[in-house]
Amino acid sequence: MKVTINYDLCKGPECAECVNACPMEVFEIQGDKVVVAREEDCSGCGVCMDVCPTNAVKVED
13 MKVTINYDLC KGPECAECVN ACPMEVFEIQ GDKVVVAREE DCSGCGVCMD VCPTNAVKVE
73 D
């Protein structure tokens, strides 16, 4: 899976819905950003996209 975050839309740690919702713990907070830390663990479930209030997260095959 390819996981991307649009940082123009992402609210970062003040939101972090994707970090909290991801069952595979793909995301983590580093400094003032949410980052894709373990893309290889992504199962493609799409929960991160569902919970992101700004549509900043995308998961593609």
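Residue numbers (the working numbering): 13 to 73. A virtual CB, placed ideally from N, CA and C, is assigned to each residue, including glycine.
Beta-bridge partners of residue i, as assigned by DSSP
i, result
"Glu72", "Lys14"
"Val47", "Glu40"
Element boundaries [beta strand (DSSP E), containing residue i]
i, result
"Glu51", "It is not in any beta strand (DSSP E) - Glu51 carries neither H nor E in the DSSP assignment."
Own chain residues within Cβ distance below 7 Å of residue i, not counting five before or after
i, result
"Val46", "Ile17, Cys22, Gly24, Pro25, Ala28, Cys30, Val31, Phe39"
Backbone CA spacing between residue i and residue j [nearest angstrom]
i, j, result
"Cys54", "Cys64", "16 Å"
"Glu51", "Glu37", "9 Å"
Residue i: first and last residue of the uninterrupted alpha helix (DSSP H) it sits in
i, result
"Val20", "The amino acid at residue 20 is misidentified as Val; the sequence shows Asp. From DSSP, Asp20 is part of no alpha helix (DSSP H); its letter is neither H nor E."
Neighbourhood of residue i by C-beta distance below 8 Å, restricted to the same chain and skipping five residues each side
i, result
"Cys34", "Val59, Cys60"
Close Cβ partners of residue i (< 6 Å) along its chain, the five nearest in sequence each way excluded
i, result
"Ala68", "Ile17, Asn18, Leu21, Cys22"
"Ala49", "Glu40"
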